[in-house]
Amino acid sequence: MIEFVLDSRSKVNTYMQLVQQVKQALRVGLLAPGDQLPKVRDVAQSLAINPNTVLKAYRELEIEGLVGGRPGVGTFVQRTLAGASLPNQAELREDLVAWLDRARAAGLTAEDVIALVETTLRATLPDDAPQREHA
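What follows is the structure in C-alpha cells.
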C-alpha cells in the first residue's frame, strides 16, 4: 500500500502532491489495478491534513479514471500507468540507486540532484517526447 509524504516546501497544492504520488506509484508498478488506496481518514490523520484534501485528491484520480470508490469499502485502483518499460525498471532502479549513492558521496543534496536531473532531461529529451509530471 502507498504511504503518502508531503513536502511542506513545495509550491504544489497538498491534494496535487497526493495525486502525483499515486500516479508515480501507478507508473512504476507499486500500485496495480485492484489495489486499495489508504482510507481517507487514515491519510488525513497520518499527514495531519483536512480529510477534504484527501477526498479532493481521490476525486481527481477518479475523474481521470485511475481509481474508483466503493461506498463503505474504500477507493481502489482501476487502471495502471505502467508502460511496456516496467520490466526494465528494476535494473534501472538499481543503477539509479548506485548513482544516487555516488551523488551523495560527492556532496549533492536532494535539491541538487533534482535540479541536475530536471535540467538534463530538458536538455536531452526531444521536444515531442512525453514529459513526466513534476512531483
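Per our numbering, residue -15 is the first one in the sequence shown, and the count goes up by one each step.
C-beta: ideal position from N, C-alpha, C; glycine also.
{"Query": "Length of the line joining the Cα atoms of methionine -15 and glycine 52", "Result": "16 angstroms"}
{"Query": "DSSP-derived helix/strand/coil call for arginine 25", "Result": "helix"}
{"Query": "Counterpart residues of valine 61 in DSSP-defined beta bridges", "Result": "Val51"}
{"Query": "Aspartate 85 versus arginine 54 - alpha carbon distance", "Result": "42 angstroms"}
{"Query": "Proximity below 9 angstroms, CB of proline 17 to CB of valine 61", "Result": "yes"}
{"Query": "Residues of its chain near alanine 119, where Cβ-Cβ distance is below 7 angstroms and the 5 sequence neighbours each way are ignored", "Result": "Because the pLDDT of alanine 119 is 44, which lies under 50, any placement of that residue in the model is unreliable, and the number read from its coordinates should be weighed accordingly. Hits under 7 angstroms: Gln4, Gln8."}
{"Query": "Spatially closest choice to lysine 23 from Leu14, Arg88, Val38, by CA coordinates", "Result": "Val38"}
{"Query": "Distance CB(threonine 59)-CB(leucine 15) smaller than 9 angstroms", "Result": "no"}
{"Query": "Inter-residue Cα distance where the pair is arginine -7 and isoleucine 33", "Result": "15 angstroms"}
{"Query": "Test item: CB-CB of glutamine 73 and valine 12 under 9 angstroms", "Result": "yes"}
{"Query": "Cβ-based burial, leucine 45 [other Cβ within 10 Å; buried from 16]", "Result": "buried"}
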